Amino acid sequence: MSAKSVSSTIRPFQLRGHARPLTHVRFNNDGDLLMTTCKEGTSLLWSSYTGELLGSYEGHGGVVWSFDFTSDSRKIITASGDMTSRLWDTETGKELHMISAPSTVSDASFSVGNKMFFIVTVNNMNQHSSIVIYDATSFELINRIELPRDLRFTCALWADCNTRIIASLSDHTIVSYNVRTGETTGQATTAHKDTITDMQMSHDGTYFITSSRDMTAKIFDIHELSQIRVYTTDSPLNSASIDNIKGHIFLGGGQDASQVTTTHARSGKFETRIYHEALAEELGRVRGHFGPINTLHVSPQGTHFATGGEDGFVRLHEFDQNYHDFKIEFDENFEPSADVN
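All residue numbers for the sequence shown refer to the working numbering, where the first residue is 266 and numbers rise by one.
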């Protein structure tokens, strides 16, 4: 099999607005907005078409770890180390509601249809790590899923028409829970060999991808939590995203931040790696960051992808027509590797 590197057709914009390492980047459902957060507590909104800074969301007193848009992009929910989750009006930047938690809030996400949302808390301050589910209109508590004190949730996703939440745990397993009862509905006990750093759902909601410090990314079916595909790299991974339009996988990570100052950017493996989703074949790499890539996301329309780095920069990449026309050319005798499953 042969292919010209797909990365040669990708053009970047460098967005400057953060002073500390990035924690989360995400496009909205329409793909016209990009939001970014960092460890200084700043949340910024950008135009994904022009790279123009559109606004900011001020109020958190600590790192903003994560956020989510409603499906219509009218509201945003944020999760912060200041032990709060806050709801914002996207257009005006006005804070609409605040939920206080007993410990750091590491994640927050709206359900499909925006009728519910959950927040994820960690196991510090002598607290248990929990997924707490709320009604998005009344803010009434729907359910709380709590772990033993020695475990914590690292990532979580809505699944199966909002009837389940799939979560990764600090023991490197993946577990699914019934939203209403909190009962366990499935478990992948050998999902990864190290911390699971990111989980992102496919566009059709039938499978999801994980990234891990064990240098692999994996695709799992949402129903059985069975492993469908594995992508093996030579560096720890912090984030993974799916381009469902082209069938490509985007992976980011790199050497630990504590060692960055003594390492050349290339040897630190700070590139975005692009793989063919079905064949697990690496197609190319996109360089530019001077530290680990902490977070990345491909827009739902497959027109852009964004990365946020330990270096404090956001790189917004637009795919040109060459990327969209890119195809792998198969040799006559080519057979997929037996280890792609």
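Glycine included, each C-beta is placed from N, C-alpha and C at the ideal position.
These numbers come from a predicted model, not from an experiment.
Mapping DSSP to helix, strand and coil, what is residue i?
i, result
"T528", "Note on T528: pLDDT 49, under 50, position unreliable in the model; no value is reported."
"H362", "strand"
"H589", "helix"
"L280", "strand"
"S336", "coil"
"Y314", "coil"
Going by CA-CA distance only, name the one from the options that's closest to residue i.
i, options, result
"E356", "A366, V370, I341, T369", "I341"
"G519", "I558, Q452, I484, C303", "I558"
"I410", "D459, I384, S564", "I384"
"T307", "S313, G320, N587", "G320"
"A456", "A432, H468, S374", "A432"
"Y322", "S371, S336, G316, A344", "A344"
"L287", "D590, E594, P565, T560", "T560"
"T450", "T471, T335, I487", "I487"
"F478", "S491, T497, F485, P501", "Position check: residue 478 holds Arg in this sequence, whereas Phe was assumed. Cα-wise, what sits closest to R478 is P501."
"Q492", "F418, I474, R429", "I474"
Along the chain, where does the beta strand (DSSP E) containing residue i start, and where does it finish?
i, result
"Q492", "492 to 497"
"H488", "First-last for H488: undefined, no H or E at that position."
"Q452", "449 to 453"
"K444", "Reading off the sequence, residue 444 comes out as Val, not Lys. V444 -> no beta strand (DSSP E), and no H or E assigned at all."
"D372", "370 to 375"
"T349", "349 to 354"
"N408", "406 to 411"
Can residue i and residue j be called in contact, C-beta distance under 9 Å?
i, j, result
"L516", "A482", "yes"
"E305", "R285", "yes"
"Y588", "K511", "yes"
"F332", "S564", "no"
"A571", "L298", "no"
"C420", "M390", "no"
"S395", "L422", "no"
Taking DSSP's pairing of strands, which residues face residue i in a bridge?
i, result
"F584", "I275"
"G574", "I558"
"Q465", "I474"
"D400", "M381"
"L287", "C303"
"A421", "A432"
"H513", "D508, H541"
"H569", "E583"
"G518", "L502"
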